[in-house]
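S.K.: The structure that follows is given in the form of C-alpha cells.
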Amino acid sequence: MRFAPNPNGPPTLGSTRGIVVNSEYVKKYGGRFIIRFDDTDPVTKRPMPEAYDWYLEDCKWLGAEPDEVVMASDRLPIYYEYAEKLIKAGHAYVCTCTREEFKKLKDNKQACPHRDTSPEHHLHEWKRMLAGDYEERTVVLRIKTDIKHKDPALRDWGAFRVVKTPHPRPEVGDKYVVWPLLDFEGAIEDHLLGMTHIIRGKDLMDSELRQKYVYDYLGWTYPHTSHWGRVKMHEFGKFSTSGLREAIEAGEYSGWDDPRLPTLRALRRRGIRPEALRKFFIDMGVGETDVSLSLDNLHAENRKLIDADANRYFFVWDPVRLDISGSQVTDAKLPLHPSVDRGFREITVESSVLVCSQDISDAKPGDLFRLKDLYNIRITGEGTAEFAGRDIETMKKEGGRIIHWAPVDGIPVKVLTPDGEITGIGEAGIATEVDRVVQFERFGYVRIDSANGEVIAYFTHR
RNA sequence: GCUCCGGUAGUGUAGUCCGGUCAAUCAUUCCGGCCUUUCGAGCCGAAAACUCGGGUUCAAAUCCCGGCCGGAGCACCA
C-alpha cells in the first residue's frame, strides 16, 4: 500500500484518509506501507521543502510510520528510461501540437500529424527535449492509446512536458527540464515499488484506465484498485492547499496551524488525538459515494479518548466581580475530575469571586446561586451578594443554579477557537497544564498551548 | 458535448459480488426519562432508510433495463 501526496502544503483532513486507510490495511493484512512524494510539478503545484518533513511527522503521529519513503523527484532517470523504451517500441511519441490543436483533434477522434512518424524520429526529438532544445509548452511526450476510444479522457495522454523552473528541492534544482505527469510517474512507480493494492480517491479512477496501456506495453500486471468518494466536512468549505497558502500569506490566518484550518497541525494543536482521527476515517470506510459529514463525529470519538485524562478547571469568560458579604475566608478543595480520582486543586477565597456576566445578568436580589464546590450565595445587588450557607441540599430545595467561578487573583486566559478569541480569567493551576488537554467547566475542552503570564488555550470541542 | 462511477434512516455505515436467514446492522445526531455540585459520560426509551418505474423470479436492498438525482474525468495540475 502507498500514500502518494504532493507536498505542496501540510497534510490536511483530506490527506489523513489516505494515510489512515492505507496504513490500516497494512496493519490488518500485512505488507508494506510506502510514502511516495509525487513532487513532479515545480510550478503549478510547487512542493514546499518543509512539507516533506511535515508529512513524515504527521504520519508518525497518526501511527502510520512508513516502511519506505520515496521521492519522485529523485528518480527522473528511471522514468526517462521507460519513456525511451516505449518510444522505441512505437508506443509513445513527441507531439508539438499546441494544447488547443490537440484537444480539437482528440475530441474529433483524429490523430495528430506527429502520431504516426517513426520511432527513430521520436527518439531523436525526445533527446532534444531532454537537452533543453524545446521551450515550455511547445512539446509533450504522449502515450499512444486508442485515439478513437469512446471515452475522450483516455485518448493519447501526455506523459512528459518541459518545465524550466528549478525544482524547490536543492538536491534537484535545475538538473532536469523534462518532467513526468502524474499518470506516467505513478504508473512506473506503482510497479517498481511492488504495489499490489491501491486505494485512492475516485478522481483518479480514469488514471487506472490510462495507466493500463503502459502496463500492457511493458507486460506488467496492474495492482488491484479501489476508490473512495469525496469527503466534505460541514464545518469547512471547499479548500485547496494553494488557496490556503495564499490566504495565509495574505495574513487571513495566523499560519498552517490556525485553529480554523483543517490541517493536521491545527487539529493536533487543538488537542485532537490521532486515535480519534484513525477511528473516524476507518469507520467512514472506503465507499465510492461522496460523503458529507460533521466534525461532531470526530469530536465524539475524541471526547471518549480525552475525557478521563482531562483535568477540570474554572475559566470565567466575560468576568464580573461579585463581592460576598458574611463569608469567612474559605479554602476550596475541588476535584480535578468528577468521576476519576485525579486528586484536587485548592483555591483560597476571601470575600470576592469572578463569575461569568451571563450567569448573573438576569439575577434579581434574593436569587440563590451555588458557587460550585464552594458555598451558596444570595444576590443582594449589582455585583454584591451575601453568604447563604454551605449545604447544597438546602440550595437544591430552593432550586438555585450551580455556577462556576474564578478567584479574583486568577490568571488571564485567552482561548483561540474557530470562531474567534475568547478572553477571561482562570484559576492559577491552569498554568501547570501546558501541552495537555483540560476541560474548562461549562465551556469545553481546550489544549493549553502556553502559559507565559497569559495562558493561551486552543479550543478542542465541547 | 463525450465517458466513467455512485444513490440504504438527519448524517455515516453493514448487507449488494454469490437473490431467500433483511419485518435491514452498527455508530452518531435529534427527542424523551434516570443519574450527576459543570459539561460530558453512563443507563433506559423513542423516532428514523433500501432514489423512482418497469422486468426476471416461487422469492429482489441484492440480478437486468430505463428515468431521476449526485459526483468525477476529458490538463503541458496532483
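Residue 462 is where the first sequence ends in the working numbering, and the numbering goes up by one at each step. Glycine included, C-beta positions come from ideal geometry on N, C-alpha and C.
Closest to H234 by C-alpha separation, out of G9, P7, L13, would be which residue?
M.R.: Here residue 234 refers to the residue found at position 234 of the first sequence. The option with the nearest alpha carbon to H234 is L13.
S.K.: Would you please state the rounded distance, in angstroms, between the beta carbons of V355 and W405? I believe it to be under 8 Å.
M.R.: Stepping through the first sequence from its first residue, residue 355 is reached at position 355. Stepping through the first sequence from its first residue, residue 405 is reached at position 405. Yes, they are in contact, since the Cβ atoms of V355 and W405 sit about 5 Å apart, within 8 Å.
S.K.: Whose CA, out of D74, T44, W220, H197, lies closest to the CA of E171?
M.R.: Position 171 of the first sequence, counting from 1, holds the residue named residue 171. Looking at the Cα atoms, D74 is the closest of the given residues.
S.K.: Of all the alpha helix (DSSP H) runs that stay within the bounds of the segment 233-288, which reach a length of 4 or more residues?
M.R.: Qualifying alpha helix (DSSP H) stretches, in chain order: 241-249, 264-269, 274-284.
S.K.: For R370, report the span of its beta strand (DSSP E) as first-last.
M.R.: On the first sequence, residue 370 is found 370 positions in, with the first residue counted as 1. 368-371 is the span of the beta strand (DSSP E), which, as asked, contains R370.
S.K.: Report the CB separation of L277 from T16 in whole angstroms; it is logged as a contact under 8 Å.
M.R.: Against the first sequence, residue 277 aligns to sequence position 277. Against the first sequence, residue 16 aligns to sequence position 16. Confirmed, about 6 Å.
S.K.: Judging by CA-CA distance, which residue of R115, K414, D203, L244 is the nearest neighbour of T263?
M.R.: Start at 1 with the first residue of the first sequence, and residue 263 comes out as number 263. Considering only alpha carbons, the answer is L244.
S.K.: First and last residue of the alpha helix (DSSP H) that includes K333?
M.R.: On the first sequence, position 333 is the one that residue 333 refers to. Run containing K333: none in the alpha helix (DSSP H); it sits in the beta strand (DSSP E), 330-335.
S.K.: What residue range is occupied by the uninterrupted alpha helix (DSSP H) comprising A385?
M.R.: Within the first sequence, residue 385 is the residue found at index 385, counting from 1. Segment 384-387 is the beta strand (DSSP E) holding A385; no alpha helix (DSSP H) there.
S.K.: Closer than 7 Å by C-beta to M205: which residues in its own chain qualify, once you throw out the five before and the five after it? Chain order, please.
M.R.: Taking the first residue of the first sequence as 1, we reach residue 205 at position 205. H227, listed in sequence order.
S.K.: Cβ atoms of I448 and E433: under 7 Å apart, would you say?
M.R.: As a first step, residue 433 must be located in the first sequence, where it is residue number 433. As a first step, residue 448 must be located in the first sequence, where it is residue number 448. Yes. Within cutoff.
S.K.: So, with DSSP's three-state summary, where would you put Q110?
M.R.: One-based indexing of the first sequence puts residue 110 at position 110. Q110: coil per DSSP, three-state reduction.
S.K.: Give the range of the beta strand (DSSP E) segment to which R378 is assigned.
M.R.: Counting from one through the first sequence, the residue named residue 378 turns up at place 378. Here the beta strand (DSSP E) through R378 covers 376-381.
S.K.: How about the segment 43-59 and the segment 140-153: do they share at least three Cβ pairs that are nearer than 8 Å?
M.R.: Not touching, per the Cβ criterion.
S.K.: Could you check whether V413 and G424 sit closer than 7 Å to each other, using their CB atoms as the reference points?
M.R.: Here residue 424 corresponds to residue number 424 of the first sequence, with the count starting at 1. Here residue 413 corresponds to residue number 413 of the first sequence, with the count starting at 1. It is a contact, given that the beta carbons lie within the stated cut-off.
S.K.: Just list the residues that DSSP pairs P407 with in beta bridges.
M.R.: Within the first sequence, the letter at position 407 stands for residue 407. Answer is V353.
S.K.: To the nearest angstrom, how far is it from the Cα of G132 to the Cα of P119?
M.R.: Within the first sequence, residue 132 is the residue found at index 132, counting from 1. Within the first sequence, residue 119 is the residue found at index 119, counting from 1. One C-alpha to the other measures close to 20 Å.
S.K.: What are the start and end residues of the alpha helix (DSSP H) that includes D216?
M.R.: One-based indexing of the first sequence puts residue 216 at position 216. 205-218 is the extent of the alpha helix (DSSP H) around D216.
S.K.: DSSP beta-bridge partners for I422?
M.R.: Within the first sequence, residue 422 is the residue found at index 422, counting from 1. In the DSSP output, where bridge partners are listed per residue, I422 has V415.
S.K.: With distances taken from CA atoms, which of G420, D409, R378 is nearest I402?
M.R.: For the purposes of this step, residue 402 is taken as the residue at position 402 of the first sequence. Answer by Cα proximity: R378.
S.K.: Put G186 into one of helix, strand or coil per three-state DSSP.
M.R.: Reading the first sequence from its first residue, position 186 is the one you call residue 186. Three-state DSSP puts G186 in a helix.
S.K.: Going by CA-CA distance only, name the one from L209, Y213, G201 that's closest to K232.
M.R.: Indexing the first sequence from 1 puts residue 232 at position 232. Ranking L209, Y213, G201 by Cα distance to K232 puts G201 first.
S.K.: Looking only at its chain, what residues have a beta carbon closer than 6 Å to the beta carbon of T384, apart from the 5 residues adjacent to it on each side?
M.R.: Residue mapping note: residue 384 aligns to position 384 of the first sequence, counting from 1. Once the five neighbours on either side are set aside, the close Cβ partners of T384 are D323.
S.K.: Just to confirm, are A332 and V349 a CB contact at a threshold of 7 Å?
M.R.: For the purposes of this step, residue 332 is taken as the residue at position 332 of the first sequence. For the purposes of this step, residue 349 is taken as the residue at position 349 of the first sequence. Result yes, Cβ atoms of A332 and V349 sit closer than 7 Å.
S.K.: Just to confirm my understanding: we take Y284, look at its own chain, exclude 5 residues before and 5 after, and list those with CB closer than 7 Å. What are they?
M.R.: Stepping through the first sequence from its first residue, residue 284 is reached at position 284. With the sequence shown as reference, residue 284 is identified as Met, and Tyr is not the correct amino acid for it. Cβ neighbours of M284 beyond the five flanking positions: V291.
S.K.: On a Cα-Cα basis, can you pick out the residue from K372, S450, T117, F281 that is closest to I392?
M.R.: Indexing the first sequence from 1 puts residue 392 at position 392. Nearest C-alpha to I392: K372.
S.K.: Please find out if some non-hydrogen atom of the ligand MG comes closer than 6 Å to the beta-carbon of K232.
M.R.: As far as ligands go, the structure on display features none, and thus does not contain the ligand MG.
S.K.: Have a look at the DSSP bridge pairing and note the partners of Q439.
M.R.: Residue numbering aside, residue 439 sits at position 439 when the first sequence is read from its first letter. Q439 is bridged to R312, Y445.
S.K.: Compare the Cα-Cα distances from A451 to each of R462, A72, D435, S351 and report the closest residue.
M.R.: Here residue 451 refers to the residue found at position 451 when the first sequence is read from its first residue. Comparing Cα-Cα distances from A451 to each of R462, A72, D435, S351, the minimum goes to D435.
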